[in-house]
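In what follows, a single structure is set out as structure tokens and then discussed.
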Amino acid sequence: MNDLTRLGLAVRQPELERHLDWLVQGSRDIELQDLCESVELLEGDWPVVARRQAALLSAHRGRVGVHAPFWNMQLDALDPQVRRVVQGRYRQGLDFAQEVGGQWLVIHSPFSFWGHPVAQHRRTLPQEIGLAQLTLEPVLARAAELGITVVIENILDRDPAPLMALVAAFESPHVRLSVDTGHAHVGAQQGGLSAQGWLSQTQALLGHVHLQDNDGSADEHLAPGEGTLHWPGVLRSLRQTTTDPYLVVEVMPHQVAQAVRWIDALPPPGAG
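Here it is, written out as structure tokens:
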């Protein structure tokens, strides 16, 4: 059972500074997202930012992770040159994580759906998994050296089965599945599984969760309770997890304060 007391935030530098005391006092999970949100930082002096954030987190005793660059990053790239670019950006994410004492690195699922959620990828899945393994082979070797877990997040996925098969294929404790509740909620309006269903079906492989809300029509990254996602069911599924996943609310910057209020309003462990 999970009491959700580690539930924290995905933040960039301004939100980290604004909510640092709250995060530190609660030893809450923190996911640093400057590297994935700023293209300029990728080609700039990112080590300075990483060291600045490491200094801010010097008193933090909770868990820390980093979101890897994701724009144009195709995990199962067929083109070897594209694959090398993806590998380089993921290694950059690991380097950032090393600077801040990170324990996880978020990357995105390669699966998109153009057909029925159950039938899509059925014939091509072995090839797609093989290509993803080629991409991640050197990345995982580095992650293992650093003690970092790579978590693969549902993005356009509708059916958990392909992503579960991909994660399981690595047979590695350094690869786990990530569920984004908002992505699942949008997918559910298009024939996919609900967020609660994703959490239940993936539980054995679950290593990380992004909590966010929307109205089912777009990936809005609203604070929980601001959309139409059924949070009592999601929270019930989260409390039943046995793998101790990293837990962060991932919302737009203007929604972070509302997310903190929502977390603070959650019933304490054992209540009710």
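Residue numbers (UniProt numbering): 1 to 272.
Think of the CB as a built atom: it goes at the ideal place given N, C-alpha and C, for glycine as much as any other residue.
Per the DSSP calculation, L32 is bridged to which residue(s)?
Here residue 32 corresponds to residue number 32 of the sequence shown, with the count starting at 1. In DSSP, L32 forms a bridge with V11, V66.
List the endpoints of the continuous beta strand (DSSP E) containing S178.
As a working note, residue 178 is residue 178 in the sequence shown. Start and end: 175 to 180.
Does the distance from the C-beta atom of N2 to that of R239 stay below 7 Å?
Taking the sequence shown and counting its residues from 1, the one referred to as residue 2 is at position 2. Taking the sequence shown and counting its residues from 1, the one referred to as residue 239 is at position 239. It is a contact, given that the beta carbons lie within the stated cut-off.
Among Q87, H221, A55, Q33, which has the Cα closest to the Cα of Q258?
Here residue 258 is taken as the residue at index 258 of the sequence shown, counted from 1. Nearest C-alpha to Q258: H221.
Would you say E153 and H185 are within 7 Å of each other, going by their C-beta atoms?
In the sequence shown, counting from the first residue as 1, residue 153 sits at position 153. In the sequence shown, counting from the first residue as 1, residue 185 sits at position 185. Not closer than 7 Å, so no.
What do you get for E250, buried or exposed, if any count of 16 or more other CB atoms within 10 angstroms of its CB means buried?
One-based indexing of the sequence shown puts residue 250 at position 250. Classification of E250: buried, given that the 10 Å Cβ count is 16 or more.
Same chain, Cβ closer than 7 Å to M252, neighbours up to 5 away in sequence not counted:
Taking the sequence shown and counting its residues from 1, one reaches residue 252 at position 252. Result list for M252: H221, in chain order.
Excluding the 5 residues flanking residue 326 on each side, which residues of the same chain have their C-beta closer than 8 Å to its C-beta?
Here the chain comprises residues numbered 1 to 272, so residue 326 is not present and cannot be evaluated.
Any chance the segment 200 to 212 sits against the segment 162 to 170, with 3 or more Cβ pairs inside 8 Å?
yes
H108 in three-state terms, based on DSSP
Taking the sequence shown and counting its residues from 1, the one referred to as residue 108 is at position 108. If DSSP states are grouped into helix, strand and coil, H108 belongs with the strands.
How is L229 classed by DSSP in three states: helix, strand or coil?
For the purposes of this step, residue 229 is taken as residue 229 along the sequence shown, with counting starting at 1. Looking at L229 - three-state DSSP - the assignment turns out to be coil, as it is neither helix nor strand.
Taking the beta carbon of E99 as the centre, do at least 16 other beta carbons fall within 10 Å, making it buried, or is it exposed?
Counting from one through the sequence shown, the residue named residue 99 turns up at place 99. So E99 ends up on the buried side.
Determine, using beta carbons only, whether V66 and G102 come nearer to each other than 7 Å.
Along the sequence shown, one-based indexing puts residue 66 at 66. Along the sequence shown, one-based indexing puts residue 102 at 102. Cβ atoms of V66 and G102: closer than 7 Å.
Extent of the continuous beta strand (DSSP E) to which L206 belongs:
Taking the first residue of the sequence shown as position 1, residue 206 is located at position 206. Its beta strand (DSSP E) spans residues 206 to 211.
Out of Q74, D213, D219, P245, which has the shortest C-alpha to C-alpha gap to T202?
Taking the sequence shown and counting its residues from 1, the one referred to as residue 202 is at position 202. With distances taken between Cα atoms, T202 lies closest to P245.
Distance between T242 and P14 (C-alpha atoms, nearest Å):
As a first step, residue 14 is located in the sequence shown; it is residue number 14 there, counting from the start. As a first step, residue 242 is located in the sequence shown; it is residue number 242 there, counting from the start. In a straight line, the C-alpha of P14 is about 33 Å away from that of T242.
Could you give the distance in angstroms between the alpha-carbon of L247 and the alpha-carbon of R176?
What you label residue 247 is simply residue 247 of the sequence shown in a count that begins at 1. What you label residue 176 is simply residue 176 of the sequence shown in a count that begins at 1. Take the alpha-carbon of L247 and the one of R176: they are about 13 Å apart.
Since V11 and L32 should fall inside the 8 Å C-beta cutoff, what is the C-beta to C-beta distance between them, to a whole number of angstroms?
As a working note, residue 11 is residue 11 in the sequence shown. As a working note, residue 32 is residue 32 in the sequence shown. Correct: roughly 7 Å between the Cβ atoms.
By the 10 Å Cβ neighbour count, where 16 or more other Cβ atoms means buried, how is S58 classified, buried or exposed?
Numbered from 1 along the sequence shown, position 58 holds the residue referred to as residue 58. Counting other Cβ atoms within 10 Å of its Cβ, S58 stays below 16 and is therefore classed as exposed.
Roughly how many angstroms separate the alpha carbons of E226 and G182, rounded to a whole number?
Within the sequence shown, residue 226 is the residue found at index 226, counting from 1. Within the sequence shown, residue 182 is the residue found at index 182, counting from 1. E226 and G182: Cα-Cα distance of roughly 11 Å.
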